[in-house]
Structure formats: C-alpha cells, structure tokens
Amino acid sequence: MIRVLVQTEPFDLSAEMMRLEAEGTGGIATFTGLVRADDGVDVLELEHYPGVTERALTDLAQEATARWSLTAVSIVHRVGPMRPGERIVFVGTAAAHRAAALEACAYLIDRLKTDAPFWKRESRGGQARWVEQRTGDVDAAARWR
Amino acid sequence: MIRVLVQTEPFDLSAEMMRLEAEGTGGIATFTGLVRADDGVDVLELEHYPGVTERALTDLAQEATARWSLTAVSIVHRVGPMRPGERIVFVGTAAAHRAAALEACAYLIDRLKTDAPFWKRESRGGQARWVEQRTGDVDAAARWR
Amino acid sequence: MKMVYFAWVRERVGTGAEEVAPPASVVTVADLLDWLAAHGGGHADAFGERERLRAAVDGAFVPLDSPLSGAAEVAIFPPVTGG
Amino acid sequence: MKMVYFAWVRERVGTGAEEVAPPASVVTVADLLDWLAAHGGGHADAFGERERLRAAVDGAFVPLDSPLSGAAEVAIFPPVTGG
C-alpha cells in the first residue's frame with residue numbers, strides 16, 4: 001500500500017496507524033512533525049505545488065518501498081495555516097523487520113524536506129516571513145544518495 | 001515525561017501518541033512491533049522478570065532522554081500470550097528536532113531487544129519452542145555503544 | 001507556456017500564474033528568467049538572485065540551465081521547506 | 001538467597017523460584033550454578049551449557065564470574081528475546 005495525502009484538514013493519526021497495521025507484519029515506524037512555537041511563531045502557513053507535490057511524494061514512497069521491501073507507506077502532509085502543536089506531517093512505514101521500517105521512515109522525512117514542493121511561512125504577531133531552507137536538511141537528504 | 005508500562009492487556013496506540021504529542025514540540029518518532037505469523041506461528045507468549053524489566057526499560061529511557069535531549073519517551077511492552085497481528089511493543093520519542101526523535105527511537109528498540117529481560121516462546125499448532133537470541137539483534141544494540 | 005510561482009517568488013512577481021509567449025531565442029529556464037526580468041517590475045525583483053531560485057519544468061525539478069524544449073508549464077520558486 | 005528462573009531455564013529446573021542456602025565456598029554466580037547442578041535433576045539439566053545462560057544479581061545483569069557478595073536474589077535465564 002502506498003498512501004499519499006496532501007490536505008488542508010487536520011488528519012486522524014490513529015486511522016493512519018490502523019491502515020499501516022492492516023498491511024503490516026513485523027514493524028511499523030512513524031514520524032509525526034508538529035508545528036513548533038519557535039521564538040513566538042503563532043501561525044505557520046504551508047504552500048505547495050498541487051499535483052506536483054503528490055507526484056513527488058508518491059515517487060519517494062515508491063523508492064522507499066523498493067529499497068527497503070516495505071509492505072506499506074503512508075505520507076500525509078497538511079497545507080494552509082496551522083498553529084503551534086498541530087501536526088504538519090505524518091510518515092509511516094511497515095516492514096517485516098524493524099531496521100527496514102525505521103530506516104525507510106527516516107529516509108522519507110529527510111527526502112521530503114528537500115524534494116517535495118512545500119514552502120513554509122511563519123507569522124509572529126502578524127509579521128510574516130518565508131522560512132529559509134536549512135543546510136542541515138540538505139545534508140540529511142544527501143546522506144541517502 | 002518517561003512512561004514505562006509492562007502489561008498483559010492490549011494497549012491503545014492513539015492514547016500513547018496523544019501523551020507524546022502533549023509533551024512534544026517538533027517531532028515524534030514511534031516504533032510498533034507486531035506479532036509475525038512466521039512459518040505458521042499461531043501464538044507468541046512473552047515472559048518477563050517483573051520489576052527488573054520495568055527498571056531496565058526506565059534506565060534505557062533515561063539514557064536516551066539524556067543523549068538526545070528528548071522531551072518525552074514512552075515504552076509499552078505486552079507480556080503473556082498474543083496472536084499474529086497483535087502489538088507486542090511500542091516505543092515513542094518526542095524531541096524538538098526529527099533526527100533526535102528518530103535516532104532515539106531506533107536506539108530504544110535496539111537496546112530493548114538485548115537489555116530488557118523478556119523471553120519469547122512461539123507455538124505452532126500446539127508445538128512450543130523458545131525463541132533464540134538473534135546475532136543481528138546483538139549487533140544492532142552494539143552499534144550504539 | 002504557463003508560468004507558475006510559489007512563496008516569495010509569487011509575492012514578488014505579483015501573481016501565482018500567467019501565460020507567456022517567449023521568442024525562439026529563449027532556450028533554457030535561465031533565458032526565460034532573463035526575458036521575463038527584462039519586462040521590469042515584479043519579475044526583475046523576483047529573479048534578481050538566481051542562486052535563491054529553483055525550477056520545475058512540467059512538474060520535474062531541473063537546474064536553471066535546463067532546456068525548455070516545448071514545456072507546457074514552468075514553475076519558479078525558492079528552495080523547498082516542507083516537512 | 002532467592003533463586004529465580006525464566007524461560008527454558010525455569011522449565012528445566014522445574015520451578016520459577018526457590019530459596020537456597022549455599023555454603024561459604026560458593027563465591028560467584030558460576031560457583032552457585034555448580035553447587036546447584038551437583039544436586040542433579042532439573043538443575044544439572046538446566047545449567048549444562050553455561051554459554052547459553054545469563055544472570056542477574058539483585059536485578060542487575062552480570063557476567064557469570066561475578067561475585068554474589070551477599071545478594072538477596074539471583075536470576076538465571078537464557079539470552080533475552082523481547083521487542
């Protein structure tokens with residue numbers, strides 16, 4: 001199973017876990033990203049490239065499935081305005097053995113950060129600024145090549 | 001937050017996730033182990049060393065918290081008889097940044113496999129046998145030293 | 001040819017999408033940026049620092065020196081920051 | 001001194017726990033295993049292959065050559081297989 005969703009609505013974590021378990025035998029690894037209130041951020045807005053984003057995420061999911069023999073992958077990414085504490089992204093992987101699930105999960109979130117067309121804008125008390133790409137994120141994605 | 005539970009009852013994954021999210025800012029990584037139906041296993045039974053198990057898991061959680069600056073760790077491990085597809089173990093870590101949460105989660109499940117007193121017995125059609133420790137698990141735990 | 005813009009590139013250009021008809025001398029994405037910037041205004045402002053720009057041609061991420069070769073949609077945007 | 005056994009060690013010994021009173025000559029965990037095995041029966045069977053045994057003294061995992069030094073509880077078991 002490959003499941004890719006890009007949506008403005010909040011998502012149901014337990015429903016996503018259930019889907020992975022239904023396809024999983026062995027181990028399930030997940031990563032959930034939450035909006036941080038860095039230095040007083042009160043709104044985080046996510047913009048994306050409709051259609052292209054979904055294709056990029058599906059490509060990453062397919063690469064991970066082949067590389068780690070996954071039985072299931074879910075990637076859910078929210079777009080639009082969000083508040084601190086809300087979930088931005090969920091990546092879940094299922095595999096027969098734990099190392100495959102854990103590595104694939106780390107791979108997907110690292111690659112997603114540099115290879116999927118999303119852009120973040122932080123607001124602090126009405127002052128908005130576009131988030132710059134972090135060198136650390138580029139390095140994290142590069143270690144998988 | 002450090003939460004360690006060893007119990008015979010099934011556990012509620014979404015409740016565990018909610019607890020981590022309540023303490024988390026940034027990223028939450030989880031690993032859930034499911035009973036595999038390897039070569040026709042129909043029952044897996046987990047035995048443990050009451051009291052000592054909980055202490056060993058708490059020690060691992062404290063080590064991981066210090067090493068990766070975690071904001072929360074949950075380890076839930078079932079004991080007693082289980083069927084294929086059921087959850088055996090849940091490890092969840094929360095940290096400000098994803099690499100810390102993901103690495104700590106992998107660390108905890110690797111170390112748990114060699115450092116916490118649990119023993120598995122598989123049954124296939126009434127024939128039971130104790131599971132032998134895997135060399136791969138010993139190697140996986142050793143890479144963190 | 002359809003142009004699409006995202007994030008601060010969109011804000012500086014002043015629109016998220018527009019139709020353009022570059023001349024035959026516009027061969028690469030970089031040529032296209034030069035030609036659009038020559039119109040002045042928002043485009044010149046948005047495309048001033050090339051090292052801060054990324055592009056996709058028909059949905060595929062490409063370097064700025066890539067040929068357009070009959071592309072239907074060209075996207076210009078800053079480095080991505082999702083996840 | 002309380003002995004506790006787990007998994008196939010428990011099954012071979014024939015009990016999960018027992019009280020023992022080893023003589024002063026029993027200094028290490030390995031000495032204790034020798035002394036218990038000398039009783040024959042389940043203990044001898046359970047403790048036959050030392051490389052397959054692990055021990056904990058008062059809840060701390062220790063090598064078999066560790067001293068007992070007044071331990072209240074000694075656990076003998078196979079390598080662990082949780083997770």
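Chains as they are written, first to last, in our numbering: chain A, 1 to 145; chain B, 1 to 145; chain C, 1 to 83; chain D, 1 to 83.
We put the beta carbon where it would ideally sit given N, CA and C, even for glycine.
Is the Cβ of residue i closer than 8 Å to any Cβ of chain G?
i	result
I28/A	The structure shown contains no chain G; its protein chains are A, B, C and D.
For residue i, which residues of its own chain have a beta-carbon under 7 Å away from its beta-carbon, when the five flanking residues on both sides are left out?
i	result
T114/A	D137, V138, A141
E21/A	I28
V13/C	Y5, G42, H43, A46
V6/A	H48, T53, E54, H77, V79
A71/C	M1, V57, D58
Less than 8 Å between C-beta atoms, sequence neighbours within five positions excluded: which residues of the same chain meet that for residue i?
i	result
L70/A	A64, T93, A94, A95, A100, A101, A104
V131/A	W119, K120, R121, E122
L53/C	V9, L33, F47, L64, I76, F77, P78
V27/D	P67, L68
V62/C	V29, A55, A56
With a 10 Å radius around its C-beta and 16 neighbouring C-beta atoms as the bar for buried, classify residue i as buried or exposed.
i	result
M82/A	buried
R143/B	exposed
T25/B	buried
R129/B	exposed
D110/B	buried
G126/B	exposed
A24/C	exposed
A38/C	exposed
G82/D	buried
T32/A	buried
T87/C	One cannot answer for residue 87/C here, as it falls past the ends of chain C, which runs 1 to 83.
A66/B	exposed
T135/B	exposed
S74/B	buried
M17/A	buried
A56/A	buried
P50/B	exposed
A61/B	buried
T8/B	exposed
R72/B	Reading the sequence as shown, one finds Ala at residue 72/B and not Arg. Buried, since its Cβ has 16 or more Cβ neighbours within 10 Å.
Could you tell me which residues DSSP puts in a beta bridge with residue i?
i	result
E122/A	L44/A, R129/A
Q7/B	R78/B
P107/C	Nothing can be reported for residue 107/C: it is not among the residues displayed for chain C, which extend from 1 to 83.
G13/A	Correcting the residue identity first, residue 13/A is Leu in this sequence and not Gly. Answer is none; L13/A lacks a bridge partner.
V89/B	G33/B, H77/B
Y5/D	I76/D
G136/B	BP columns for G136/B are empty, so no partner.
G27/B	G33/A, A95/B
F61/D	A56/D
A17/C	V4/C
I2/B	V73/B
Against residue i, what residues of chain A qualify as contacts under a CB-to-CB distance less than 7 Å, listed in chain order?
i	result
G14/C	Those within 7 Å of G14/C in chain A number zero; the least Cβ separation is about 16 Å.
L13/B	S14, M17
F47/C	Result: empty, since nearest Cβ-Cβ is about 16 Å, beyond 7 Å.
List the residues of chain A whose Cβ lies closer than 8 Å to the Cβ of residue i, in chain order.
i	result
I2/B	By Cβ distance, chain A contributes nothing, its closest Cβ being about 19 Å from I2/B, past 8 Å.
L102/B	F31, L102, C105, A106, I109
A56/C	Y49, V52, P117
Taking residue i as the query, report the chain B residues whose CB atoms sit under 8 Å from its CB, ordered along the chain.
i	result
L34/A	E21, G24, T25, G26, G27, I28
G42/D	Those do not exist, as G42/D stays about 16 Å from chain B at its closest Cβ, beyond 8 Å.
A72/D	None at all; the shortest Cβ gap to chain B is about 12 Å.
A75/D	Y49, V52, P117
By the criterion of Cβ-Cβ separation under 7 Å, what are the contact partners of residue i in chain B?
i	result
I75/A	Within chain B, no residue comes near I75/A; the closest Cβ sits about 14 Å away, beyond 7 Å.
If the cut is a Cβ gap below 7 Å, which residues of chain D does residue i touch?
i	result
T114/B	V80
E47/B	F6, A7
Only counting the same chain, and skipping five residues up and downstream in sequence, which positions put a Cβ closer than 6 Å to that of residue i?
i	result
E45/B	P81, R121
Y107/A	A64, W144
F6/D	F77
A30/C	L64, D65
A44/C	A37
H97/B	G26
E73/C	K2, D58
Please compile the residues from chain A whose C-beta is within a distance smaller than 9 Å of the C-beta of residue i.
i	result
R98/B	F31, G33, A106, I109, D110, K113, A140
What residues of chain C sit near residue i, judged by a beta carbon separation below 8 Å?
i	result
V131/A	T81
Using a C-beta to C-beta distance shorter than 9 Å, which residues of chain B count as neighbours of residue i?
i	result
W35/D	Residues of chain B passing the Cβ test: none, with the nearest at roughly 22 Å.
Below 8 Å on C-beta distance, what does residue i contact in chain D?
i	result
R55/B	G59
P81/B	The contacting residues do not exist; P81/B stays about 15 Å from chain D at best.
F118/B	V80, T81, G82, G83
Can you list the residues of chain D that residue i reaches, using a CB-CB cut of under 9 Å?
i	result
E86/B	Within 9 Å Cβ-Cβ: nothing; E86/B doesn't reach chain D, min ~14 Å.
A51/B	Note on identity: in this sequence residue 51/B is Gly, with Ala being the wrong assignment. Residues of chain D passing the Cβ test: G59.
Mind listing the chain C neighbours of residue i? Cutoff is C-beta to C-beta under 9 Å, in chain order.
i	result
V43/A	Residues of chain C passing the Cβ test: none, with the nearest at roughly 15 Å.
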